[in-house]
Amino acid sequence: MPYGFQIRRAILDLVRRLLDSTGHEEVLFPLLIPEGLLKKESEHIRGFEDEVYWVTHGGLEELDVKLALRPTSETSITFMETFWIKSYRQLPKKYYQIVSIFRYETKATRPMIRLREVTTFKEAHTVHETFEDAERQVLEAIEIYKKIFDELGVPYLISRRPDWDKFAGALYTIAFDTVMPDGRALQIGTVHHLGQSFTRAFDFKIQRADEKLDHPWQTSYGISDRVVATVISIHGDDRGLALLPSIAPVQIVVIPILSGSSEEKEKVLIEARGIANRLRSSGFRVSVDDRDWERPGAKFYYWEAKGVPLRIEVGLREVESGEVTVARRDTLERVQVRVDRLEDEVRRLLESVEDGLKERAKDDFRARILRTSRLDEAGEWVESRKGVAEVPWCGREDCGLKMEEEVNAKILGTPWPHEVVEGLSCARCGAPAVAYVRLAKTY
Ligand code: 5CA
Ligand code: ZN
50 MPYGFQIRRA ILDLVRRLLD STGHEEVLFP LLIPEGLLKK ESEHIRGFED
100 EVYWVTHGGL EELDVKLALR PTSETSITFM ETFWIKSYRQ LPKKYYQIVS
150 IFRYETKATR PMIRLREVTT FKEAHTVHET FEDAERQVLE AIEIYKKIFD
200 ELGVPYLISR RPDWDKFAGA LYTIAFDTVM PDGRALQIGT VHHLGQSFTR
250 AFDFKIQRAD EKLDHPWQTS YGISDRVVAT VISIHGDDRG LALLPSIAPV
300 QIVVIPILSG SSEEKEKVLI EARGIANRLR SSGFRVSVDD RDWERPGAKF
350 YYWEAKGVPL RIEVGLREVE SGEVTVARRD TLERVQVRVD RLEDEVRRLL
400 ESVEDGLKER AKDDFRARIL RTSRLDEAGE WVESRKGVAE VPWCGREDCG
450 LKMEEEVNAK ILGTPWPHEV VEGLSCARCG APAVAYVRLA KTY
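Numbered by the numbering used here, the letters in the sequence shown go through residues 50 to 492 in order.
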C-alpha cells in the first residue's frame, strides 16, 4: 500500500545508489526459466527442486518444455553471459536486478519474512577472470551490505555458513543475520562465491590474459523484503513504527490544535500551514493533519503508529507566544522550540532521532550475543530466546549437527572474518576448537 511502498522505495533507492556507484549495472531478465536451463547445474537443482513452481500449460495445451518461475537467476543469467562475454577484457562484469522470485517454501510463511512470492528480491551476479578476483568481489559485496544495514540501523552478525548450509552450487556462503525482537535470528542477506560451478555447467569460457581459454569465476549476492521487515521490527515499539528520518515518507507532521472561535481556529490553521510550507521549502518531508473531525489525541496516536519522527503541535497559545511544541517519536519527549529558529532545531532533532534509533538498536543487539565455553549455558540462552550464543567448536560437521540437535537450535556459522581460536576445546566433544560457532533459534 502507498505508505509502505514509499518506505520500500526509500530503501531500494539506497540499495541502488550503493550498487550503481560500485560499477554494478541494473538489468532485467525473464521470470520464466526453461527446465533445461534450470537443471544444468546439478547441485543447484538438487538444492531447489522441492521449491520450484512450474508453468506446465499455455491455455489448454500442455507445454513441450516446462517453465520454472525463477527461484533465483544464476542459470538464466549465466546462459546469456556465454553469448555476451568472450574475453577477460570485458571483466569484471557486475549485473543486478530487483525482481520477484518464487519459492515453494514449506516452513510457515510470514509477511515480508518468509514469502513464496518474494516481491523485492535484489540479486547481483558477477563474473571474474580468476578465483581471487571473485574473492575480492565477495569482499566488496560484504562492504556494500554493511553500508546498507548500517545506514538502516539494522545490526548484524557476519558468519561463514557451515558447508552443509551453503547456497546450492556455491563454494562458500557468507551470511548476514540480525536478531529480531523475539530473540530469533533472521538471515537478511547472503554473499556466495560460486567458483566455476555454473560456468562449467554452461560450458562458458573466456579468453584469459595469458591467452588460455578457461571457465570464468562467479559470485552472487542477494537481499529481499526481509530488509524492510527488519527496519520495521527492529526500530518499532509497542506504539507502532518508529522510522528513521532518512527513510520516513513523512519526517514531520504538523498538527493544529483547534479550539475557540472559528476566527481563532482559522488563525491556527494558517500558522500551521505556514510552518509546514517553510519546512518543506527547507527540504523536509512534511504533512499537515488538518482533519477537523478528528481530535488531537487521536491524531497523535495515528502518526505515532506510522512512525513519523517528529510531531509539531500548533495551538492558539503557540501562535501568540511564537513557540511550538515538538515531540520526538523515539523517546516521546516534548520540547518547546522558537518558531524563528524552527528549521535549525528541526534539523538537529531529526539527526538526533536518526542517531538515537540506531544507537538503541545497537545496544539491544549487543546484549543479545553471549559467548560461553559451556554448551548448556548456550542452550539456555537460545531456548529462552535471549539471542545468539557463541561456543568453541572443533569444526567437524557431525559434531556440529549433533550440537544443533542437543541445543535444539541452528548453527549460523563461524564469525567472519575468521577469528583465530587457540587453547580452547569444543563445547560439545572436547576436541581442540578451530573457531567459535554461532547458535540461535531462527526464522
Ligand atoms: N542467488 C543467490 C544470491 S541472490 C540467492 O538466491 N541467495 S539466497 O537464496 O540466500 O537468497 C538471498 C536472500 O534472500 C536471503 O539471504 C534472504 O535474506 C532472502 N530470502 C530468501 N528466501 C526468502 C523468502 N522465501 N522470503 C523472503 N526472503 C527470502
Ligand atoms: Zn566437537
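Note that the Cβ used here is the ideal one computed from N, Cα and C, for glycine as well.
Beta carbon of Q236: closer than 7 Å to some heavy atom of the ligand 5CA?
-> Here residue 236 refers to the residue found at position 187 when the sequence shown is read from its first residue. For the ligand 5CA, at least one heavy atom lies less than 7 Å from the Cβ of Q236.
What span of residues does the beta strand (DSSP E) with D226 cover, start to end?
-> By 1-based counting over the sequence shown, the position of residue 226 is 177. Note, D226: beta strand (DSSP E), 221-228.
To the nearest angstrom, report how far apart D16 and I272 are at their CA atoms.
-> Outside the shown range of the chain, which is 50 to 492, sits residue 16, and nothing can be said about it.
Thinking C-beta only, is H242 closer than 8 Å to A183?
-> Taking the first residue of the sequence shown as 1, we reach residue 183 at position 134. Taking the first residue of the sequence shown as 1, we reach residue 242 at position 193. The answer is yes: Cβ separation under 8 Å.
Express the C-alpha separation of E110 and W442 in angstroms, rounding to a whole number.
-> Sequence index remark: in the sequence shown, residue 442 carries index 393 (1-based). Sequence index remark: in the sequence shown, residue 110 carries index 61 (1-based). Roughly 56 Å separates the two Cα atoms.
Give the straight-line distance between the Cα atoms of T491 and T227, rounded to the nearest whole angstrom.
-> Counted from its first residue, the sequence shown places residue 491 at position 442. Counted from its first residue, the sequence shown places residue 227 at position 178. Taken atom to atom, the span from the alpha-carbon of T491 to that of T227 is near 10 Å.
Cα separation between P464 and I207?
-> Here residue 464 refers to the residue found at position 415 of the sequence shown. Here residue 207 refers to the residue found at position 158 of the sequence shown. Rounded to whole angstroms, P464 to I207 spans 6 Å at the Cα level.
Is there at least one non-hydrogen atom of the ligand 5CA closer than 7 Å to the beta-carbon of E110?
-> For the purposes of this step, residue 110 is taken as the residue at position 61 of the sequence shown. Not under cutoff, so the answer is no.
H241 by DSSP, collapsed to three states: which one?
-> Counting from one through the sequence shown, the residue named residue 241 turns up at place 192. Of the three classes helix, strand and coil, the one that applies to H241 here is strand, per DSSP.
According to DSSP, what are the bridge partners of R415?
-> Position 366 of the sequence shown, counted from the first residue, corresponds to residue 415. Answer by DSSP bridge pairing: none, since R415 is not bridged.
Buried versus exposed, by CB contacts within 10 Å (16 or more), S308 | Here residue 308 refers to the residue found at position 259 when the sequence shown is read from its first residue. With fewer than 16 other Cβ atoms within 10 Å, it is exposed.
heavy atom of the ligand ZN below 7 Å from R445 C-beta = By one-based count along the sequence shown, residue 445 stands at place 396. True, at least one ligand heavy atom lies under 7 Å from that Cβ.
How about E178 and P265: are their beta carbons less than 8 Å apart?
-> Walking along the sequence shown from the start, residue 178 turns up at place 129. Walking along the sequence shown from the start, residue 265 turns up at place 216. Their beta carbons are under 8 Å apart, which means E178 touches P265 by this criterion.
When the Cα atoms are used, what is the spatial distance from S422 to C448?
-> To locate residue 422, count along the sequence shown from 1; it is residue 373. To locate residue 448, count along the sequence shown from 1; it is residue 399. Taking the straight line from one Cα to the other gives about 15 Å.
Name, in chain order, the residues that DSSP records as bridge partners for L206.
-> For the purposes of this step, residue 206 is identified with residue 157 of the sequence shown, where counting begins at 1. DSSP lists D226 as partners of L206.
Look up K459 in the DSSP assignment and say whether it is helix, strand or coil.
-> Here residue 459 refers to the residue found at position 410 when the sequence shown is read from its first residue. Strand, per DSSP.
Buried or exposed: which applies to I301, given that a residue is buried once 16 or more other Cβ atoms fall within 10 Å of its Cβ?
-> Working through the sequence shown from its first residue, we reach residue 301 at position 252. Buried.
Decide if H73 is buried, meaning its Cβ has at least 16 other Cβ atoms within 10 Å, or exposed.
-> On the sequence shown, residue 73 is found 24 positions in, with the first residue counted as 1. Answer is buried; the Cβ neighbour count reaches 16.
Close-in-space but distant-in-sequence residues of the same chain around I324 (CB under 8 Å, 5 per side omitted) = Numbered from its first residue, the sequence shown carries residue 324 at position 275. Once the five neighbours on either side are set aside, the close Cβ partners of I324 are V303, I361, V363, V373, V388, L391.
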